[in-house]
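In our numbering, the protein residues as written are 575 to 1166. Heads up: the structure comes next, in structure tokens.
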């Protein structure tokens, strides 16, 4: 269907990537991964034809229908939600009606008949008269309500506007669908709906994402080829596996390269020592010359230089109170609309809470009330006298003083200890050299996120509240945040749609749903089980036994297997596992 031939792209003297040779056929599904700035979005734009490669070409058939969801925000204006989603359909319907009207007036011609045939084919390819009902299914699946359908598109936030664009793309059923970080603006419920929809998608898919759950669920198809494409240090590699398998295989590949390079370096050292010892020995002149030529011809094993990674550690201030925050009958009303009502919650020392819910459910507002940054409309908040909050949110991003430099922004709130080692502290988050004098207004989304997390690290805390801390960050930075959260010994409340992070971190799930709070005292597997109808076990009389039904037994077995798989995945994904290839291989085989 589409072929990439020896694609290379350079910016000035810097080559983003080279050697991209790919065939994309109908039903193929690929995940495109790599650190921020390696060229993932650029490759998608080359495929769509938005930009041209420096070298190579894209061979695509005439008339191929491609859909592209970019990562950067799109501004919509003018139409209602429904009209915007149905825009392409309405154009086809209008065109078909125009031709039919001409034919009804006996304006017959070969050209008109040909035009009618093309218009009729396009109309039916888009689903014909079932198109509108399909549109409403997609709109609902992506989280829009009936009231939303009548709103103008400019009334929606940028995140919801991206959902509108996605709905329109899905409705058009392209031959090749390119999605650049499609889960960025989705909550867990919408993400799961999109997964189910794409599993039944009839075209080819290329998805830029580092969401393990999402990619693993999408990269399975009864037809076509699946795999991961990785762009790394200008190279382009393909892995014939899902994302979990890729994480394992790429780690093992790097380990093998390091071992091979070590052996080669040892051999080079031995040859050089031989040359130095025998250079003046005429009887060994031929051997010396031979060794020198051997070194010249030797193809050196290239080890990808270690990419700089952020180093995150949230300092802890001890607290002995068993209960940090308590909310009693808390309600919040905005502009006459009740966000949530009569919520009661106790946050205990050592809790590792994942706060989840649909976008717009009030999670950020709830976090601000817990932190004491905002008052509730009704109810009471009690907090320990020794409570010290460490917080990250995207609202804090907006409150950054954009004319400040990175250095100024950190200095103004930092403790004397931090200020004494300010350059080292900034270097932990990859702000070094002239970067520390950059004005905040020119920073990328990822750099601003790193800066706010850095501010949260500047003071010890005993309650860490993180609202979507991994947004805009690449895989390496997300991994660093994950490790920091896991090693933090205080109490944590984490708002995230990253299911991998939730599954690894949380021991308690709190969900805001329809203005109410639902508390699940368990991990993510427990939450999923409960949401799917897990039994509420009644208290048993002493000595009594409850006979399990076959369905109950099956549910329990599935839950046990899910829990075991999650533990295995977590085990072989640990950074230290790279030094234990045999153990890692055994764990991965058991996981598979």
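All C-beta atoms in this analysis are idealised placements derived from N, C-alpha and C, irrespective of residue type, glycine included. Here the structure is a predicted model, which means the values were calculated and not measured.
Asked: Pairwise C-alpha distance: residue 972 and residue 1081; Found: 31 Å
Asked: Per-residue burial, residue 886 [other beta carbons within 10 Å of its own, 16 or more giving buried]; Found: buried
Asked: Complete runs of the beta strand (DSSP E) confined to the segment 732-786 [at least 3 residues]; Found: 750-754 and 778-782
Asked: Where residue 1101 falls, given that 16 or more other Cβ within 10 Å makes a residue buried; Found: buried
Asked: For residue 623 and residue 579, the rounded distance between their alpha carbons; Found: 14 Å
Asked: Beta strand (DSSP E) runs contained entirely in the segment 867-953, provided each spans 3 or more residues; Found: 897-908, 911-922 and 926-931
Asked: Under the three-state DSSP convention, the category residue 845 falls into; Found: helix
Asked: Alpha-carbon spacing of residue 1117 relative to residue 893, whole angstroms; Found: Only weak support exists for where residue 1117 lies, its pLDDT of 36 falling under 50; the coordinates are left without a value.
Asked: Top-ranked residue by Cα proximity to residue 877, from 827, 757 and 939; Found: 827
Asked: Proximity below 8 Å, CB of residue 722 to CB of residue 643; Found: no
Asked: Bridge partners - residue 1085, DSSP secondary structure assignment; Found: 930 and 1092
Asked: Nearest to residue 649 (by Cα), restricted to the options 615, 629, 731 and 978; Found: 731
Asked: Collapsed DSSP secondary structure at residue 544 in the structure displayed; Found: Since the displayed the chain opens at 575 and closes at 1166, residue 544 lies outside it and no answer follows.
Asked: Inter-residue spacing [alpha-carbon to alpha-carbon] between residue 633 and residue 626; Found: 12 Å
Asked: Local conformation of residue 649 per DSSP, three classes; Found: coil
Asked: For residue 640, the residue or residues it bridges with in DSSP; Found: 750
Asked: Pairwise C-alpha distance: residue 841 and residue 1180; Found: Because the chain is modelled from 575 through 1166, residue 1180 falls outside the range shown and cannot be assessed.
Asked: Given 8 Å, three or more beta-carbon pairs between the segment 779-798 and the segment 580-594; Found: no
Asked: Alpha carbon of residue 829 to alpha carbon of residue 941, nearest angstrom; Found: 42 Å
Asked: Buried or exposed by the 16-neighbour rule on C-beta atoms within 10 Å, applied to residue 912; Found: exposed
Asked: Buried versus exposed call for residue 854 [16 or more other C-beta atoms within 10 Å across all chains shown]; Found: exposed
Asked: Residue 655 beta carbon less than 8 Å from that of residue 577; Found: no
Asked: Residue closest to residue 1074, alpha-carbon to alpha-carbon, out of 786, 575 and 660; Found: 786
Asked: Assigned secondary structure, residue 958 (DSSP; H/G/I helix, E/B strand, else coil); Found: coil
Asked: Burial state of residue 1030 (16 or more Cβ within 10 Å); Found: buried
Asked: DSSP-derived helix/strand/coil call for residue 853; Found: coil
Asked: Residue 1039 and residue 935 closer than 8 Å at C-beta; Found: no
Asked: Assigned secondary structure, residue 710 (DSSP; H/G/I helix, E/B strand, else coil); Found: helix
Asked: Buried/exposed call for residue 774, threshold 16 Cβ in 10 Å; Found: exposed
Asked: Reduced DSSP category for residue 604 - H, G, I as helix; E, B as strand; rest coil; Found: strand
Asked: 6 Å CB neighbourhood of residue 1041 in its chain, flanking five on each side removed; Found: 938, 941, 967 and 1069
Asked: Simplified DSSP state of residue 1118, which is helix, strand or coil; Found: Reliability of the predicted coordinates at residue 1118 is poor, the pLDDT of 33 falling under 50, and no value is obtained from them.
Asked: Coil, strand or helix - residue 1129 by DSSP; Found: Bear in mind that a pLDDT of 47 at residue 1129, under 50, signals an unreliable position, so the model cannot answer this.
Asked: Where residue 590 sits in the DSSP three-state scheme; Found: strand
Asked: Contact the segment 1041-1055 vs the segment 606-613: 3+ CB pairs below 8 Å; Found: yes
Asked: One or two residues paired with residue 1167 in a DSSP bridge; Found: Outside the shown range of the chain (575 to 1166) lies residue 1167, about which nothing can therefore be said.
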